[in-house]
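**Q**
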Amino acid sequence: MIDQSRSRLSHHDVWRRWKEDGDSDAKKQLIEHYLPLVDYVSSRMAVGLPKNVSKDDLVSNGSMGLIDAIEKFDYQRGLQFETYASWRIRGSIIDGLRQGDWVPRSVRDKAKKMEDAYAVLEQRHLRSATDEEICDYLNISNKDFQQMLQEVAVATICSLEEPIREEESETRLSLLVDEKALNPEFKVHETYLKDSLAQGIEKLTAKERTVVSLFYYEDLSLSEIAEVMSLSPSRISQLHSKAILRLRAALTKQKDQLLQK
Numbered sequence: 001m002i003d004q005s006r007s008r009l010s011h012h013d014v015w016r017r018w019k020e021d022g023d024s025d026a027k028k029q030l031i032e033h034y035l036p037l038v039d040y041v042s043s044r045m046a047v048g049l050p051k052n053v054s055k056d057d058l059v060s061n062g063s064m065g066l067i068d069a070i071e072k073f074d075y076q077r078g079l080q081f082e083t084y085a086s087w088r089i090r091g092s093i094i095d096g097l098r099q100g101d102w103v104p105r106s107v108r109d110k111a112k113k114m115e116d117a118y119a120v121l122e123q124r125h126l127r128s129a130t131d132e133e134i135c136d137y138l139n140i141s142n143k144d145f146q147q148m149l150q151e152v153a154v155a156t157i158c159s160l161e162e163p164i165r166e167e168e169s170e171t172r173l174s175l176l177v178d179e180k181a182l183n184p185e186f187k188v189h190e191t192y193l194k195d196s197l198a199q200g201i202e203k204l205t206a207k208e209r210t211v212v213s214l215f216y217y218e219d220l221s222l223s224e225i226a227e228v229m230s231l232s233p234s235r236i237s238q239l240h241s242k243a244i245l246r247l248r249a250a251l252t253k254q255k256d257q258l259l260q261k
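Using the UniProt record's numbering, the letters of the sequence shown map in sequence onto residues 1 to 261.
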């Protein structure tokens, strides 16, 4: 494993030996050095997933993502590898879960119905839809609504963590501006998307905004957020699900508007 005490120059040299000389030992060193990142990301993503999803499977898929990140990363651009690799690891885990059909079609259908309900009602009232309004729209009881939130939690846990572009670390959540991007059409689209997401976040309830901030920006797990907010983990999961459904509805609306232009 790469010694943590090595200078940045030494670490840069390991990348050079791998990228420019094709040194397999250097690649092995990089993999061993960043393996703890796989365990960290896997542990965070395991929160809220069904019990039948094996942590070992998450780590296995995540490791493939790490290797892919090491193979594709351009160390000369001066970017933070940990950030780039985290999204590649998450993406690899998500791909593995999808291939394993980890979310039943019935749950996906429920998530889509709820997302559509938020989109329609919030467009109609120009404000955040209440739980009661969602229940009326879907013609279900509040108890059934709460149950649906619990069921779709696993379908919303990763929805904003997917990269916008294949070889970049930007996600729908971060929407970081790539100063080296030369495509004006993409930049316009990204600006609209960022504005839409910002407007969607403003429409969230105070608790939903807090959950989104702590989970995606402060990097806390759902269980840690539950302790911070003095709420049960299930309640935090529900707040997260509602927030993501609202944001997905906002982004879908923005996408439809762009396609019409």
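For glycine and all other residues, C-beta sits at the position ideal for the given N, C-alpha and C.
Go through its chain and collect everything with a Cβ distance to His240's Cβ below 6 Å, but skip five positions before and after it.
**A** Answer for His240: Val211, listed in chain order.
**Q** Comparing C-alpha positions only, which one of Gly91, Asp57, Trp15 sits nearest to Gly65?
**A** Nearest of Gly91, Asp57, Trp15 to Gly65, Cα basis: Gly91.
**Q** Is Tyr221 helix, strand or coil by DSSP?
**A** As written in the sequence, residue 221 is Ser, which differs from the Tyr given in the question. Three-state DSSP puts Ser221 in coil, outside helix and strand.
**Q** Which residue's Cα is closest to the Cα of Ala69: Lys27, Asp109, Leu149, Asp195?
**A** For Ala69, the nearest C-alpha among the options comes from Lys27.
**Q** Looking only at its own chain, which residues have a Cβ that is under 7 Å from the Cβ of Leu149, when we skip the five neighbours before and after it?
**A** Cβ within range, chain order: Gln238, Ser241, Lys242.
**Q** Output yes or no for whether 9 Å exceeds the beta carbon distance between Val38 and Ile94.
**A** Not closer than 9 Å, so no.
**Q** Measure the C-alpha to C-alpha separation of residue 266 and Lys194 and round it to an integer number of angstroms.
**A** Outside the displayed range of the chain (1 to 261) lies residue 266, so it cannot be described from this structure.
**Q** What is the DSSP secondary structure of Pro104, counted as helix, strand or coil?
**A** It is coil, neither helix nor strand.
**Q** Excluding the five sequence neighbours on either side, which residues of its own chain have a C-beta within less than 8 Å of the C-beta of Val41, listed in chain order?
**A** Same-chain partners within the cutoff: Gly62, Ser86, Ile89, Arg90, Ile93.
**Q** Cα-Cα, which of Tyr217, Val14, Ser43 is closest to Glu32?
**A** Out of Tyr217, Val14, Ser43, Val14 has the C-alpha closest to the C-alpha of Glu32.
**Q** Got a sec? Which residues, its chain only, sit under 8 Å from Glu115 by beta carbon, not counting five neighbours each side?
**A** Correct list, in chain order: Leu245, Arg248, Ala249, Thr252.
**Q** Buried or exposed for Lys203, going by 16 or more other Cβ atoms inside 10 Å?
**A** Under this definition Lys203 is a buried residue.
**Q** If we require 4 or more residues per run, which alpha helix (DSSP H) segments fall completely within the segment 20-65?
**A** Segments of the alpha helix (DSSP H) lying fully in the segment 20-65: 24-46.
**Q** Grab me the residues of Asp74's own chain with a C-beta within less than 7 Å of its C-beta, minus the 5 sequence neighbours each way, in chain order.
**A** So no residue of the chain qualifies.
**Q** If I follow the unbroken alpha helix (DSSP H) through Thr83, where does it start and stop?
**A** That run of the alpha helix (DSSP H) goes 81-99.
**Q** Taking only the alpha-carbon atoms, compute the straight-line gap between Asp136 and Glu208 and give it to the nearest angstrom.
**A** For Asp136 and Glu208, the distance between alpha carbons rounds to 21 Å.
**Q** Looking at the secondary structure, which residues open and close the alpha helix (DSSP H) in which Arg209 lies?
**A** 206-212 is the span of the alpha helix (DSSP H), which, as asked, contains Arg209.
**Q** Could you tell me the distance, in whole angstroms, from the CA atom of Leu58 to the CA atom of Glu71?
**A** Looking at the two C-alpha atoms, the distance is approximately 20 Å.
**Q** How big is the Cα-Cα spacing for Val120 and Lys110?
**A** About 15 Å.
**Q** For Phe73, name the three-state secondary structure that DSSP assigns.
**A** Of the three classes helix, strand and coil, the one that applies to Phe73 here is coil, per DSSP.
**Q** Ignore the nearest five residues each way along the sequence and tell me which others in Asp23's own chain have a CB closer than 7 Å to its CB.
**A** The answer, listed in chain order, is Arg17.
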